[in-house]
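Residue numbers (our numbering): 17 to 430.
Report on the following structure.
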Amino acid sequence: MKRISFSTQLILYTTVFLAILVFINLFAQQYHKRFDLTASKRYTLSPQSVKVLKKLKQEVNVIGFFSSGTEKNRAKELLEQYAYYSQKFKYTFIDPDRHPLEAKKYNVTHYNTLVVMCGKKREQIYELSEEKLTNAIIRVTRKETKTIYFLSGHGEHDINDAGKSGYSEFKTALTDKGFEVKNLLLVKEPSVPKDAALVIIAGPQKELLKKEVECLEDYLKKGGHLLFLLDPETGEGLKRLLHKEGIVLHDDIIVDKMSRLFGGDYLIPVIVRYAPDHPITKDFKLACFFPLTRSVEVGEKLPKDIQAKVLAWTSENAWGETDINLLKTANQAGFDKDDVAGPVPVAVAAWSEQKTGFKIVVVGDSDFISNTYLNLSGNKDLALNIISWLTAEKDLISIPPKKTATQPLVLSRT
């Protein structure tokens, strides 16, 4: 009898013990707690990121396109921190080599890319950092939709044209980022629409009317944002507007014999140098190709309260050819004292330091984001960086990277 009683007690104790283990395991899954004991708090998100995650009302899904390796481990380490603070944050990984169709589905063309999605909005991140990821979450979860207008009526690139010179693919890239994209026939409007987050002037072949230029100037005075994509021998009527803001358009065509190394024409300069201290081009290392480009640079004297900076240059092998007639008729070019020496500046950003200040970016080419060239090397990435800066939201945050300090261990002789 005592033996049966002992066996029964043993089974009972074992059952209770297992039940406690199961309960603890289930409780830990639902209410687990992390402790970061590193000196630099390497595994702890900033208070800004935690605040964003705890306010999530919609599910945010992140897909990491990584092959196995160190970068994937770093990404998983970061994503686990985000998932810890919100059950609405989900992530998964896809190997683009094993699943190329999935990579194509999400327009992923680079390894180590994070695709952040919420509803129909989508953002891509190429630099693995807390600041980039948190700001992507802010953008895809924002309720309001920003509108980008493309000026029309002067022979500009058509955002609905699927042909070689059309902008239909760039329009798709913008809508994927959550923007609403519209045409703007300014000649029929009294002013730039109030909901315009950005107005793009993309390769006009005819001059703008005086009234249209005045509308753009008025838009700038009110803190508007403009992107000028101006090919050689165009935009004469816009020179005065840009010069007032510290930007100079040169009457030349860039010749770059380095392009031959990439199998391109010498009138398709390779863009290889970028401003390291501007948000558009910081850490940008991809080569870009600008077919039929003019040089753009910062004026010698900037107006009061205005800052301007060159964003990109060609290599030293290029120059801005000022004898355009000779280049077009005889197909000959050679550098002389009247030409612009390389590296040649091809893109400039200008902005007002006032509270309601404007932002401008001028690029000496409009074809680099056409359907033919958009997906060539870094063209699309650079264009989307420009759009992000020009439409920069006030609620985006800045998070300094964590510094990993070394901790030397000094051993005594003993």
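By construction, the Cβ of each residue, glycine as well, lies at the ideal position given by its N, Cα and C atoms.
- Counting of Cβ neighbours within 10 angstroms places H115 among the exposed residues, the total staying below 16.
- Inclusion of L245 and D381 in the CB contact set at 8 angstroms is warranted, their separation being smaller than that value.
- With fewer than 16 other beta carbons inside 10 angstroms of its own, L26 counts as exposed.
- If you compare the alpha carbons of G169, Y282, L94 with that of K148, the shortest gap goes to L94.
- Nearest in C-alpha terms to L318, of all of A365, K353, L254, is A365.
- With fewer than 16 other Cβ atoms from the protein chains shown falling within 10 Å of its own Cβ, H126 counts as exposed.
- Between T163 and E196, the beta carbon gap of about 5 angstroms places them in contact (Cβ cut-off 8 angstroms).
- In the structure shown, the three-state DSSP call for K320 is coil.
- Residue state for K121 is assigned as helix, using DSSP reduced to three classes.
- CA-to-CA, the gap between K193 and D267 works out to about 35 angstroms.
- Put simply, the stretch 291–309 does not touch the stretch 236–244. Fewer than three CB pairs are less than 8 angstroms apart.
- Using a C-beta cut-off of 8 angstroms, the stretch 251–259 makes no contact with the stretch 279–292, since fewer than three inter-stretch Cβ pairs fall below that distance.
- Per the C-alpha coordinates, the member of E261, L214, E332 positioned closest to A324 is E261.
- A direct Cα-Cα distance of roughly 17 angstroms separates K204 from D211.
- By the Cβ-count criterion, A357 is exposed, with fewer than 16 other Cβ atoms from all chains shown falling within 10 Å of its own Cβ.
- A distance below 6 angstroms between beta-carbons, with the five flanking residues on each side excluded, links I263 to the following residues of its chain, in chain order: V364, A366, V378.
- If you look at E337, you'll find it in the beta strand (DSSP E) that goes 334–337.
- Taken in chain order, the complete alpha helix (DSSP H) segments of 4 or more residues contained in the stretch 127–160 are 146–157.
- In this structure T430 is exposed. Its beta-carbon is surrounded by fewer than 16 other beta-carbon atoms within 10 angstroms.
- When DSSP reads this structure, P361 sits in a beta bridge with W329.
- For H241, the enclosing beta strand (DSSP E) begins and ends at 241–245.
- By the beta-carbon neighbour count (other beta carbons within 10 angstroms, threshold 16), A152 is buried.
- About 5 angstroms separates the Cβ atoms of S65 and T150, confirming a contact at the 8 angstroms cut-off.
- Non-local C-beta neighbours of K187 in its own chain, meaning closer than 8 angstroms and more than five positions away in sequence, comprise I175, N176, V197, ordered along the chain.
- Comparing C-alpha distances from A91 to each of Y101, P63, N41, V78 shows the shortest one belongs to V78.
- Scanning its chain for C-beta atoms nearer than 6 angstroms, with the 5 sequence neighbours on each side dropped, one finds around V288 the residues A303, S331, in chain order.
- Taking a contact as a CB-CB distance under 8 angstroms, the pair L243 and I402 counts as one, their CB atoms being some 6 angstroms apart.
- DSSP links S368 through a beta bridge to I322.
- Put simply, of P206, L144, R138 the residue whose alpha carbon is nearest the alpha carbon of E230 is P206.
- The alpha carbon of N199 has as its nearest neighbour, out of Y165, K73, V314, the alpha carbon of Y165.
- Where F186 is concerned, the enclosing alpha helix (DSSP H) starts and stops at 184–192.
- Distance from the Cα of Y235 is smallest, within the candidate group A334, V215, L224, for V215.
- Taking the CA atoms as reference points, G171 sits about 5 angstroms from P220.
- Q140 is classed as buried because its beta carbon has at least 16 other beta carbons within 10 Å across all chains shown.
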